[in-house]
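Engineer:
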Amino acid sequence: MRRPLIMGNWKLNGNKAVVTSLLKDLDAQLVGIEGVDVAVAPPVMYLDIAEKQINELQSKIILGAQNVDINLSGAFTGDISPEMLKDFGATHIIIGHSERREYHQESDDSVAKKLAVLKEQGLTPVICIGESEAQNEAGETLTVCARQLDAIINAQGVEAFDGVIIAYEPIWAIGTGKAATPDDAQRIHAGIRSHIAQKSDTIAKKIIIQYGGSVKPENAATYFMQPDIDGALVGGASLNATDFASIVQAAAKMKN
Ligand code: PEP
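So the mapping is simple: the numbering used here equals the position in the sequence shown, first residue as 1, plus 8.
Listed below in structure tokens is the structure:
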């Protein structure tokens with residue numbers, strides 16, 4: 009039985025007051041919802057405030073981050089190390105988000121290195137994979153996802169995926185309101201799982217695969233109904249405590 013994870017990616021949004029109030033509101037709205045892990049990834053500037061707020065509320069919300077560098081320390085101006093994230097209580101670290109791949113030229117290989125470093129440091133990578141609209145239209149979705157996974161499998165072995173979370177995020181569905189249909193998402197999730205199963209059935213069976221791309225309270229349950237969709241990575245809707253909590257509630261209902 010895979011425990012669902014709903015993670016909010018706050019991207020480049022918020023300020024001190026928003027981070028504090030959003031966590032407070034969210035924590036209050038999560039009361040009574042069981043059987044789902046909930047994580048948020050605020051901008052790294054606000055991890056300190058977020059950690060303090062989570063501790064003060066004695067909240068079960070898991071703290072995450074949106075990116076990490078592969079180096080632990082040294083002359084790497086502007087970067088944030090896994091140890092620094094750990095220092096602020098962040099455990100679930102998003103890597104390979106399509107916005108980082110596009111705007112910061114992150115390659116499959118650099119994402120693979122980030123995954124290895126996070127695991128060495130005892131952190132949980134949340135690795136985003138997914139295809140562009142053109143690749144989708146050309147029927148290349150599974151090929152693209154397999155290539156992104158193979159960058160890790162070929163370098164580190166399938167064991168590298170033990171304890172990792174995969175977020176399947178079709179790029180054309182991110183922030184567009186144009187979500188994948190639940191049937192299509194299920195088909196791709198099953199394909200991702202079976203790609204991993206070719207190397208390890210045990211890891212494939214236990215790996216959490218989230219769907220991401222315009223998940224909203226209105227469509228969340230239709231994804232969580234699918235057997236291979238184990239949660240969601242949520243952008244826009246995670247900035248509203250009521251919307252995000254209702255996505256968590258949908259997962260609790262459909263998965264338990
Ligand atoms: C994301 O950025 O990971 C995401 C899924 O965004 P949205 O929910 O806004 O589509």
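All residues carry an ideal CB built from backbone N, CA and C; glycine is no exception. Here the structure is a predicted model, which is why all the values come from computation and not from measurement.
Closer than 7 Å to a non-hydrogen atom of ligand 1 - does that hold for the CB of residue 177?
Structural biologist: Looking up residue 177 in the sequence shown gives position 169. Yes, the Cβ of residue 177 comes within 7 Å of a heavy atom of ligand 1.
Engineer: At a cut-off of 7 Å, is residue 254 close to ligand 1 when judged by its beta-carbon and the heavy atoms of the ligand?
Structural biologist: Locating residue 254 in the sequence shown gives position 246, where the first residue counts as 1. No; taking the cut-off as 7 Å, the Cβ of residue 254 has no heavy atom of ligand 1 nearer than that.
Engineer: What is the residue span of the beta strand (DSSP E) that residue 120 lies within?
Structural biologist: Here residue 120 corresponds to residue number 112 of the sequence shown, with the count starting at 1. No beta strand (DSSP E) holds residue 120; the alpha helix (DSSP H) holding it covers 116–128.
Engineer: Using the three-state DSSP reduction, which class does residue 133 fall into: helix, strand or coil?
Structural biologist: Your numbering for residue 133 matches position 125 in the sequence shown. In this structure, residue 133 counts as strand in the three-state DSSP scheme.
Engineer: Got a sec, what are the start and stop residues for the alpha helix (DSSP H) residue 34 sits in?
Structural biologist: Taking the sequence shown and counting its residues from 1, the one referred to as residue 34 is at position 26. That run of the alpha helix (DSSP H) goes 24–37.
Engineer: Between residue 89 and ligand 1, is the CB less than 7 Å from at least one heavy atom?
Structural biologist: One-based indexing of the sequence shown puts residue 89 at position 81. Result no, Cβ not under 7 Å from ligand 1.
Engineer: Can the beta-carbon of residue 22 be found closer than 8 Å to that of residue 50?
Structural biologist: In the sequence shown, residue 22 corresponds to position 14, counting from 1. In the sequence shown, residue 50 corresponds to position 42, counting from 1. In this structure, residue 50 lies closer than 8 Å to residue 22 by Cβ.
Engineer: Quick one: does the C-beta of residue 202 sit closer than 7 Å to a heavy atom of ligand 1?
Structural biologist: Here residue 202 is taken as the residue at index 194 of the sequence shown, counted from 1. Not under cutoff, so the answer is no.
Engineer: Which same chain residues end up closer than 6 Å to residue 47 when comparing Cβ atoms and leaving out the 5 residues on each side of it in sequence?
Structural biologist: Stepping through the sequence shown from its first residue, residue 47 is reached at position 39. Around residue 47: 15, 70, 72, 100.
Engineer: Could you name the residues of the same chain whose beta carbon sits closer than 8 Å to that of residue 293, not counting the 5 residues immediately before and after it, in chain order?
Structural biologist: Examination of residue 293 is not possible in this model, given that the chain is present from 9 through 264 alone.
Engineer: How is residue 162 classed by DSSP in three states: helix, strand or coil?
Structural biologist: Along the sequence shown, one-based indexing puts residue 162 at 154. In the structure shown, residue 162 sits in a helix (DSSP, three-state: H, G or I).
Engineer: What I want to know is whether the C-beta of residue 182 ends up closer than 7 Å to one or more non-hydrogen atoms of ligand 1.
Structural biologist: Here residue 182 corresponds to residue number 174 of the sequence shown, with the count starting at 1. Yes, ligand 1 has a heavy atom inside 7 Å of this Cβ.
Engineer: Residue ranges of each alpha helix (DSSP H) run of no fewer than 4 residues wholly in the segment 48–82, ordered along the chain?
Structural biologist: Whole alpha helix (DSSP H) segments, 4+ residues: 55–65.
Engineer: So what's residue 152 in DSSP terms, helix, strand or just coil?
Structural biologist: Translated into the one-based positions of the sequence shown, residue 152 becomes position 144. Helix at residue 152.
Engineer: Quick one: any contact between the segment 200–220 and the segment 246–261, if contact means 3 or more CB pairs under 8 Å?
Structural biologist: The segment 200–220, when compared against the segment 246–261, does not touch it at the 8 Å Cβ threshold.
Engineer: Suppose you measure from the CA of residue 39 to the CA of residue 89; what does that come to, to the nearest Å?
Structural biologist: Position 31 of the sequence shown holds residue 39. Position 81 of the sequence shown holds residue 89. Roughly 33 Å between the two C-alpha positions.
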